[in-house]
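**Student:** First to last, the sequence lines map onto chains A and B.
Heads up: the first sequence runs through residues 564 to 884, numbered per this note's numbering.
Heads up: the second sequence runs through residues 86 to 400, numbered per this note's numbering.
Idealized CB from N, CA, C, for every residue including glycine.
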Amino acid sequence: MLQPNPTAAMVRPRSNTVLGLRKTIRQTLYILGTRHWSFTAGVSIFLAVICVLILAQWIAPYDPDAQELLHRLSGPSSLYWLGTDQLGRDVLSRLLIGGRFSVSVAAVVMVISATFGTIVGVICARRAGGMVDEVIMRTVDLLIAFPDVLVALVIIALIGPGSMTLILSLIVVAWTPFARMARSLTLEINSKDYITAAEVLGCSRFFIIFRHVIPNVYRPLAALTFLRFSHKLITVGALSFLGLGVQPPKSDWGAMLADALRFVDRAPLLAFAPGFAIFITALAVTLIGQGLEIEDESKNAKEESHKDFEPSAKTTKGPNS
Amino acid sequence: MLKFLFQRLVVLLAALLVVSILAFLIPYLSGPEPAQMIMHARVSDLAVDPDTIAALRVQLGLDRPLAVQYLDWLGNAIRGDFGFTFTDRLPVSVHIKYAFVVSITLALSALILALVVALPLGAIAALKPAGKFDNAITFLTQILVAIPEYWLAPMATLVFAVYLQWLPSAGWAGPEHVILPALALALRPMAYFTRVMRASMIDVLEAPYITAALSRGLGLGQTIRRHGVRNAMTPVITLFAMWLSGLIGGAVVIEVIFSIPGMGRLLYEAVVNKDLPVLQGTIMCLVSFAVLMSTITDFIYVLINPAVRIKDASA
């Protein structure tokens, strides 16, 4: 249905990129339209936020660091849509640039921890009940309840602040839920007939993991990734708020919020705006995660209900057989 | 089952031991040598005579092998002695004891508030999955999870403390000081409790004893209160214990915003002031508490879940 039109490509070879772009957009819209509303809403908001953050340099009305000392702490106006801060810098411009740090740090942390946690979980499931599994899973039990702000705080205290330290210290805790979930999902799948069949056919462990296990566990894990993403975003903001995340002269939403609190009674919008930005981004990611989770659940439910109509093991073992 | 609990305990204690080694090594991992740091903490003169530092090193036993020092330190730590702080020269244990009580008060108030709201919400959502109420409640939990507490707290302070002047804006003096921070802390656990309660309630409602109670003529409300909630609560209790150990110390930002002298702020100030004995003490205290809670949760799980108990008796 969405195949490229061959005649159009032949007649006007130059417009290939335009056609390709149109096709991508149409396809994206089509996919979005068929998904759970929560997923659609989340993806739309999140894509909008990402676009704004990438294009921030060009769409920001002012230089985010330009100080206009005559217009300090001015309220919203036609010149400054969200007002100015204590140094007369445009809040809207700073807001657009300020999201880059939190969102990129949280994204890097999530990608690394999801990958690492999944690998650990799958390996643990392979050796379920063994020493390695026991030690790793108890570590997970202990770390999973541990607040990541605390761990990050201690590690930053030891090594000193910086984006690399921040990413590292967040990963220390962030991989644990993935390991636990990947392990239990893999255990569930390992008991399925098609795994036994693959084993009987002589498939290698790696083949089974990549061909059968990963495709079956990635959906709930993807949902978990997005759900945890929002939490990491908030944590990065919290550390910046405490002065341990982003370091000056760079700034982000958490640091802006902390700076604005000194003037909160005179310029409430100054503190409201960056917090709201964190909230909207976190909400978008949560919506994506929740949408994926609901879709996964309903898919599983469908599979279960199909099973009811299939001849079950019990009936085939009945008196007629 | 007892063997399983014992095994868990052994592994957790081993983990605690590893953490204690790391905590002990903190002064050696960060910056200059410990004797020099202690000297700097005592006198503001940065160019202290090397002989004085050497004398201090001998006096404090810092010239002994690391293993001996560690055992010495661990022995004291088990008795609750972490030495004196660098900043006000009081015993670290005095600070920790006070901060721990403050933190546990705050965490318990927040979690109880969360539980009181979450249990009915989760139960209502479970009655008709994907129904109107369920969708609304699910959306509400998503919003609760996405709110940064360090944004909500100042905004709530602005409204309730500055504009309306109903509540104090910061400090820790009476029950009215607990309300705003507890509210800010309660939102995220509230969302998680609701989700878990909903999921477990959906499972419970399918159980035969619910059908039995309903067919006996017990009203829907009564059935849910008597049979549903009680049975669905087990996973929520587990989560409650997890959050309790998480919020003690994990409430750093809120404690800093409201200047509450709890564990989180103690740790934060130790980090900012490079007060290493306090850092060691709080880390050990928090990890021990996490281990304790984890063990208690396992025991509770065995105690309130008859299925596990019966299996154990028959095995």
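In terms of residue numbering, what span does the alpha helix (DSSP H) encompassing B:Tyr113 cover?
**Tutor:** 87-114 is the extent of the alpha helix (DSSP H) around B:Tyr113.
**Student:** Please check if any C-beta of chain B sits within less than 8 Å of the C-beta of A:Gly765.
**Tutor:** A:Gly765 does not count as touching chain B.
**Student:** Got a sec: which bits of the region 838-866 of chain A sit with their beta carbon under 7 Å from any beta carbon on chain B, in order along the chain?
**Tutor:** Answer in chain order: Gly838, Ile841, Phe842, Ala845, Leu846, Thr849, Leu850, Gln853.
**Student:** I'd like the list of long-range same chain contacts for B:Val376, defined as Cβ closer than 8 Å, with 5 residues on each side in sequence excluded.
**Tutor:** Only Leu97, Leu98, Ala100, Leu101 meet the Cβ criterion.
**Student:** What number of angstroms, rounded off, separates the C-alpha of A:Pro549 from the C-alpha of A:Pro831?
**Tutor:** Outside the shown range of chain A (564 to 884) lies residue 549 of chain A, about which nothing can therefore be said.
**Student:** Could you work out which residue in B:Ile322, B:Pro239, B:Pro260 is closest to A:Ala823 when comparing CA atoms only?
**Tutor:** The residue with the shortest Cα to Cα distance from A:Ala823 is B:Pro239.
**Student:** A:Arg768 versus chain B: which residues are under 9 Å apart at the beta carbon?
**Tutor:** By Cβ distance, chain B contributes nothing, its closest Cβ being about 27 Å from A:Arg768, past 9 Å.
**Student:** Where B:Gly256 and B:Ile197 are concerned, what is the direct C-alpha to C-alpha distance, given to the nearest angstrom?
**Tutor:** Distance between the alpha carbons of B:Gly256 and B:Ile197: 21 Å.
**Student:** Of all the CB atoms in chain B, is at least one closer than 8 Å to the CB of A:Arg701?
**Tutor:** It does: the Cβ of A:Arg701 has a partner Cβ on chain B nearer than 8 Å.
**Student:** Using 10 angstroms around the beta-carbon of B:Pro362, count the other beta-carbons present and answer buried if the total reaches 16, otherwise exposed.
**Tutor:** Label assigned to B:Pro362: buried.
**Student:** What in chain B is Cβ-close to A:Phe664, meaning under 8 Å?
**Tutor:** Within 8 Å Cβ-Cβ: nothing; A:Phe664 doesn't reach chain B, min ~15 Å.
**Student:** Which chain B residues sit within Cβ distance under 7 Å of A:Ile797?
**Tutor:** Pro233, listed in chain order.
**Student:** Apply the 10 Å Cβ neighbour rule to A:Cys614 and answer buried if 16 or more other Cβ atoms are within range, or exposed otherwise.
**Tutor:** Answer is exposed; the Cβ neighbour count stays below 16.
**Student:** Check for me: the alpha helix (DSSP H) holding B:Thr172 runs from which residue to which?
**Tutor:** First-last for B:Thr172: undefined, no H or E at that position.
**Student:** Give me the DSSP bridge partner(s) of A:Asp653.
**Tutor:** DSSP, once it has assigned bridges, lists A:Thr647 as partnering A:Asp653.
**Student:** Should the region 657-670 of chain A be regarded as contacting the region 616-630 of chain A, the criterion being three or more beta carbon pairs within less than 8 Å?
**Tutor:** The answer is yes - the region 616-630 of chain A touches the region 657-670 of chain A, with three or more Cβ pairs under 8 Å.
**Student:** Report the residue from A:Gln649, A:Ala623, A:Pro624, A:Leu645 whose alpha carbon sits nearest the alpha carbon of A:Gln630.
**Tutor:** Selected option, being the one with the closest Cα: A:Gln649.
**Student:** What do you reckon, are the CB atoms on A:Leu850 and A:Leu802 nearer than 8 Å?
**Tutor:** No, the pair does not count as a contact, with Cβ atoms beyond the cut-off.
**Student:** Between B:Gln227 and chain A, is there a C-beta pair that is closer than 8 Å?
**Tutor:** So, interface residue.
**Student:** Evaluate B:Lys217 with the Cβ neighbour count: other Cβ atoms within 10 Å of its Cβ, from every protein chain shown; 16 or more gives buried, anything less gives exposed.
**Tutor:** B:Lys217 comes out exposed.
**Student:** In whole angstroms, what separates the C-alpha of A:Leu784 from that of B:Ile111?
**Tutor:** Approximately 35 Å between the Cα atoms of the pair.
**Student:** Which whole-angstrom value describes the C-beta separation of A:Leu645 and A:Ala836, a residue pair presumed to lie in contact below a C-beta threshold of 8 Å?
**Tutor:** Their Cβ separation, rounded to whole angstroms, is 5 Å, which keeps A:Leu645 and A:Ala836 in contact under 8 Å.
**Student:** Inspect the beta-carbon positions of B:Thr279 and B:Ala215 and report whether they are closer than 8 Å.
**Tutor:** No.
**Student:** Should A:Ile594 be labelled buried (16 or more other beta-carbon atoms within 10 Å of its own) or exposed?
**Tutor:** Flag for A:Ile594 reads exposed.
**Student:** Is the shortest distance between the beta-carbon of B:Tyr386 and the beta-carbons of chain A less than 8 Å?
**Tutor:** Closer than 8 Å: no.
**Student:** Is the shortest distance between the beta-carbon of A:Asp704 and the beta-carbons of chain B less than 8 Å?
**Tutor:** Yes, because at least one Cβ of chain B sits closer than 8 Å to the Cβ of A:Asp704.
**Student:** In chain A, what lies closer than 8 Å to B:Tyr277 by C-beta?
**Tutor:** Chain A residues near B:Tyr277: none, gap ~11 Å exceeds 8 Å.
**Student:** Leaving out five residues on either side along the sequence, give the residues of the same chain with a beta carbon under 6 Å from the beta carbon of B:Ala199.
**Tutor:** So the qualifying residues of the chain are Ala271, Pro274, Met275, Phe278.
**Student:** According to DSSP, is B:Asp383 part of a helix, a strand, or is it coil?
**Tutor:** Residue state, collapsed to three classes: helix.
**Student:** Where does the unbroken alpha helix (DSSP H) through A:Lys795 begin, and where does it stop?
**Tutor:** It spans 777-804 - the alpha helix (DSSP H) in which A:Lys795 sits, taken as one unbroken run.
**Student:** Please report the straight-line C-alpha distance between B:Pro253 and A:Phe826, rounded to a whole angstrom.
**Tutor:** The alpha-carbon atoms of B:Pro253 and A:Phe826 are separated by roughly 18 Å.
**Student:** Using beta carbons (cut-off 8 Å, strictly below), is B:Leu371 in contact with chain A?
**Tutor:** Chain A, which has a Cβ nearer than 8 Å to the Cβ of B:Leu371, makes this yes.
**Student:** For B:Met275, report the span of its alpha helix (DSSP H) as first-last.
**Tutor:** From DSSP, the alpha helix (DSSP H) with B:Met275 extends over 261-290.
**Student:** Here's a check: name, in chain order, each residue in its chain whose Cβ is nearer than 7 Å to the Cβ of B:Pro170, leaving out the five neighbours to either side.
**Tutor:** Here the sequence assigns Thr to residue 170 of chain B, which means Pro is not the residue at that position. The residues are Val177, His180, Asp360, Pro362, Val363.
**Student:** For the region 317-325 of chain B against the region 780-796 of chain A, are there 3 or more C-beta pairs whose distance is under 8 Å?
**Tutor:** No, the region 317-325 of chain B does not touch the region 780-796 of chain A.
**Student:** Go through the region 321-357 of chain B residue by residue and report every complete run of the alpha helix (DSSP H) that reaches 4 residues or more, in order.
**Tutor:** List check, alpha helix (DSSP H) in window: 337-342.
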